[in-house]
Structures are given as structure tokens and as C-alpha cells.
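Below is one structure; the comments refer to it alone.
Residue numbers (my numbering): 10 to 430.
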């Protein structure tokens, strides 16, 4: 019976939520589209957690609402304990794009007027919230979110403010409150007594997550709780929803041990992804900037046939193009490269880097569902290796590693190539 459900506002974040639930022993599946009601109910009878991966982070508010309203309604009707609107731990959003404020409004209209907890922190990724101010690590340094280099200069949603109450107030007229760490000795009472429409929750450690999860799950006894948050929220919920049933364990790869060729398609502009590309090139991989998709497809296929360990197709630096158009066009172009390589070579391992473009790529490839393959720690927090299903036999069974732009060690691509089957 389904215990929790979530909608992810981007695909890499959705697989992170999938990982958080499974690492605590809950069996989870991630859907690319909402199936017919009878199929969804059948899945709910077989899985503890149902997720739907979306692209709301790259949509204008009206388009966003058109996507999320039917999905959140369908998830509510499954009667889970909790329905999470999964956001990135760097709170990527603005009034014009990926509005968390609009998600809050839609959620309250579906689930009722109960207070909505907003938990953005994810300590294992170096993301913290203290007195409602959000912080994020980069290159070993903890920055206030509006001063973190990647988020301060994000091409789609640059972060102007670290106080999450102020940031979200620009996206909604609902009343936003907060629960601070200094009040956590009285957390259940403080939470129950809140009269705000939503409350920002502080988190520094896993202990804070466990305590918050206990409080939130307890509040869902009589009706499904609607909550907004990162993979930190997923972990907080999972730690308190998990039963005594042991984890199902990793689903094995079906390939022979040894190096396998890998295609990376990346729309990320982050420093970390740039470091990963540079490391791969130093290990003999080919790097191709996506300028002429036809030329790139032909060059990538030829390189794989010549035996290169991997090819990285990236978008370079893109400025001056509207964010919505940029994400859509890049996603379709990257998907075209991926499909050409998979159809014309023996490549069965693909990395998709960048939360904003990942959804466009996965959808364009015709993927139906994703389930975790490897152990949860193979590639570090915030990344997930999945086996995909698809009615297209070319795509069905691919092993796809999805990672956020700021996620992973410099050698991540190379380690994926060397992963034993």
C-alpha cells in the first residue's frame, strides 16, 4: 500500500527523492507521465512510494499549474500519508519560472487549508537552513544562497535572496511563517499551533530531519499531508515511514564486468559539471559542444565506433536566450543526440546532467518509468542510477544516471564507465 507520493519539479531531483525513500527500505517507482487511473491504483498496491517526474521548474506559472494540478489531485486520491512537491535543495524558482509559490497555492487548493511545511535543506549535499536563511556549499565553502557562485549566476533562476520567506513572498500572497531550530524542543506543539499558510523549516543535521519527519508524519494520521521540499524532506519522511521490512537491495546491471562506453548529455552550466567534463577529457573522452546537432550526432556515433570510452555532449555557455525557450530547445537537441547514439551504437549507459534540461531529454526519449539500479552510495548523494522502461525497444532497459548540475565528484563519469556489471 502506498505510504507516500511525490511530484518532482525536475527529473534529477525526482530520482534523488526516489533514492531517499529506497535507502530507508521503501520500494519506490518513478513515472514519467500519469498513467490511467486503474494502472496508477495497481502501482499503488505494489509500491510503498509513487513518484511522478515533471518539468515544472522550467515552466511559467500557468503552464506549471496545468501540469501539476491533475497530478497532485491523482496522487491525493491514492490516500498516501504524505504527498511531497519535490524541489531542488537550492530552491531554484522565481515568480516567472518554476514558481514554488504557485505550487503552494495549487497544493492548498487541492489538499485543504492545513499549514504546508517547506523544507529545503539537505545536509548531505551541504544545503542548510538556519533562521529561514538558506546556505549552500560550493568548492568546499558554505555560502549564503544568494552569494553561492552557481546560484547567484544561474542562467534561468538567479537567486536574489537567501531568506526563504522573502524569496517565496515574491511568488505568492499567502502568509509565510517559520519554525526555527531554537524552538525544536517544542516542535510538535509549535507546528500544530501555527496559523500560517506555510512554514519554512530550519535544518542543520540528519537529527533535525528525523525530528521534523516524526512531527510531519504524525500530523498526517487523519488526512494526506501536502509538503514542499528537497531530498532532505524525502529523507525526513522516509526515516519515519519505513517499516521493519529490509531494503530490497540493488537491482543488478545486466552487462558484463569491465569498462562500458558512456554517453553524457549535459545542459548544466555549473562549475562542478564543468570539472567533470574536464576530468573525462583527461581520461580520453571526447567533448563536443552542441552547436550543429546533426554534426554532433554524426561525430559522436563515429567516435563510439572508434572505441572512445565516452563522449560528453554539452551546451557550453548560453546567454541572451529566454530561459523557457532555452531549456526546451536544448532538451530536444540533447535527446536527439542520445537517441541517435543509442540507435546506431552499442552504448547502453547514458548520463543526463542538469535538472532543467533532464526532463526534456527523458520525455523526448519516450521513457515510461525509472527504478533504481545500483546501491545508493555508488555515485554520491544527489545522483541516481536507474533502469528505464519504454515501449521503444531501443530505449527500454537503458541504464541512465541522472545528476543535478552541482552534484557528484569530478571523476563521476569515468566511474560510471568502469562500473562492473
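Even for Gly, the Cβ is constructed at its ideal location relative to N, Cα and C.
The alpha-carbon separation between residue 302 and residue 70 amounts to approximately 30 Å. Around the beta-carbon of residue 294, 16 or more other beta-carbon atoms lie within 10 Å, marking it buried. If you draw a straight line from the Cα of residue 181 to the Cα of residue 97, it comes to about 18 Å. Around the CB of residue 143, 16 or more other CB atoms lie within 10 Å, so the residue is classed as buried. Residue 231 and residue 187 have their C-alpha atoms some 24 Å from each other. Beta-bridge partners of residue 13 (DSSP): 58, 91. With 16 or more other CB atoms across the displayed protein chains lying within 10 angstroms of its CB, residue 277 is buried. At the C-beta level, residue 289 and residue 322 stay beyond 8 Å of one another. Residue 388 sits close to residue 417, with the two beta carbons spaced by under 8 Å. Residue 269 counts as buried, since no fewer than 16 other beta carbons sit within 10 angstroms of its beta carbon. Assignment of beta-bridge partners to residue 237 by DSSP yields 94, 127. For residue 82, the three-state secondary structure derived from DSSP is helix. By the Cβ neighbour-count rule, residue 45 is exposed, with fewer than 16 other Cβ atoms within 10 Å of its own.
A Cβ-Cβ distance of about 13 Å is found for the pair residue 226 and residue 196, leaving them out of contact under the 8 Å criterion.
Each of 217, 28, 172 was checked against the Cα of residue 99, and the nearest Cα belongs to 172. DSSP places residue 209 in the uninterrupted beta strand (DSSP E) bounded by 207-210. Only residues of its own chain outside the window of five on either side were considered, and among them 297, 299, 322, 346 have a CB closer than 7 Å to the CB of residue 305, listed in chain order. Taking a contact as a CB-CB distance under 8 Å, the pair residue 19 and residue 64 counts as one, their CB atoms being some 7 Å apart. Contact annotation, residue 130 with residue 212: C-beta distance approximately 4 Å; criterion of less than 8 Å satisfied. A Cβ-Cβ contact shorter than 8 Å links residue 272 with residue 359.
In this structure, the alpha-carbon of residue 396 lies about 9 Å from that of residue 410. Its Cα nearest to that of residue 86, the residue 119 stands out among 119, 115, 57, 103. In the same chain as residue 365, and ignoring 5 residues on each side of it, the C-beta atoms closer than 7 Å to its own belong to 19, 66, 67, 165, 276, 336, in chain order. Rounded to whole angstroms, the Cβ separation of residue 104 and residue 179 is 6 Å, and the two are in contact under 8 Å. Linking residue 420 to residue 12 through their CA atoms gives a straight-line distance of about 36 Å.
At the C-beta level, residue 234 and residue 348 stay beyond 8 Å of one another. In this chain, residue 38 is not harboured by any alpha helix (DSSP H); it is covered by the beta strand (DSSP E) spanning 37-40. A Cβ-Cβ separation of about 5 Å places residue 375 in contact with residue 401 under the 8 Å criterion.
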